[in-house]
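The structure under discussion appears below in the form of structure tokens.
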Amino acid sequence: MPQKIYIKYMVSIRCKLVVRAALDAMGLHYSNVELGEVEIREILTPEQRAELEKVLLKSGLELMDDKKAKLIEKIKTIVIEMIHYSDEQPRINFSHYLSEKLEYNYTYLASLFSETTGTTIEHFVIAHKIERVKELLLYDELNLTEISYQLNYSSVAHLSNQFKRITGLTPTFFRQLQQYRKRIALEDL
């Protein structure tokens, strides 16, 4: 049964390479090395865990305790479920929503999240919202006003500005570009 371990400050490709090298040197089998998280196929013995921790510390990385790692995963899960799987966003401030849901002070959650993942909760939320906007634009069932309301943007202008800042494209151009690509793909059949 795979075991997930969480590594603090694993936010670059170099860090991922260091972690892979350490796991390979120890003869551990892994199926996934992502930012902040490693899935190991076997259960680590206390000795293996201590050895891994020692090797990682030499590179400025450290294993996180399970309580903090689980809290980070809960934050990510709440954000993903709220943005991708909910029909409507809560109409309260997201920081209040997250604090109430997890029963922790938002300042603590934000600090832990950014320290661990290398990004802020706000940026994580924005990235997911923009991906959801892209998805909704591709479905072509909702207009921008409906999308901005569904994702709890204050206005279409706010959504459009954020979308352009992240993607470099306006939502309208993105939608047109995707329709054009679809049309070409059909003609090539």
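Note that the sequence shown covers residues 7 to 195 in this note's numbering.
Every residue gets a Cβ at the ideal spot worked out from N, C-alpha and C, and that includes glycine.
Treat the numbers as computed from the prediction; the structure is a model and nothing was measured.
Tell me which residues share the same chain as residue i and place their Cβ nearer than 7 Å to its Cβ, disregarding the 5 neighbours each side in the sequence.
{"i": "Ser120", "result": "Thr126"}
{"i": "Lys139", "result": "Contrary to the premise, residue 139 reads as Val rather than Lys in this sequence. Cβ within range, chain order: Ile153, Leu157, Leu165, Phe169, Pro177."}
{"i": "Tyr36", "result": "Leu29, Val44, Glu45, Ile46, Arg47"}
{"i": "Arg26", "result": "Val39"}
Answer with buried or exposed for residue i, where buried requires no fewer than 16 other C-beta atoms within 10 angstroms of its C-beta.
{"i": "Pro177", "result": "buried"}
{"i": "Tyr145", "result": "exposed"}
{"i": "Ile78", "result": "buried"}
{"i": "Ala75", "result": "buried"}
{"i": "Phe179", "result": "exposed"}
{"i": "Lys159", "result": "According to the sequence displayed, residue 159 carries Tyr and not Lys. Under this definition Tyr159 is a buried residue."}
Thinking C-alpha only, which one of the options is nearest residue i?
{"i": "Ser154", "options": "Val61, Tyr145, Leu144, Lys135", "result": "Lys135"}
{"i": "Thr123", "options": "Leu23, Glu40, Val24", "result": "Glu40"}
{"i": "Thr83", "options": "Arg26, Leu104, Gly174", "result": "Leu104"}
{"i": "Gln184", "options": "Asp93, Glu141, Ala163, Gln54", "result": "Glu141"}
Between which two residues does the beta strand (DSSP E) carrying residue i extend?
{"i": "Tyr36", "result": "36-40"}
{"i": "Glu45", "result": "43-46"}
In the DSSP assignment, find the unbroken alpha helix (DSSP H) run with residue i in it and report its ends.
{"i": "Ser154", "result": "150-156"}
{"i": "Glu147", "result": "Counting along the chain, Glu147 falls outside any alpha helix (DSSP H), and DSSP gives it neither H nor E."}
{"i": "Thr173", "result": "162-173"}
{"i": "Ile49", "result": "Note, Ile49: premise wrong, no alpha helix (DSSP H); not H, not E."}
So, at 6 Å on beta carbons, what are the nonlocal neighbours of residue i in its own chain, with the 5 sequence-adjacent residues on each side left out?
{"i": "Ser196", "result": "Outside the shown range of the chain, which is 7 to 195, sits residue 196, and nothing can be said about it."}
- Task: Please list the segments of the alpha helix (DSSP H) lying wholly inside the segment 80-143, counting only runs of 4 or more residues, in order along the chain.
- Result: 100-108, 112-123
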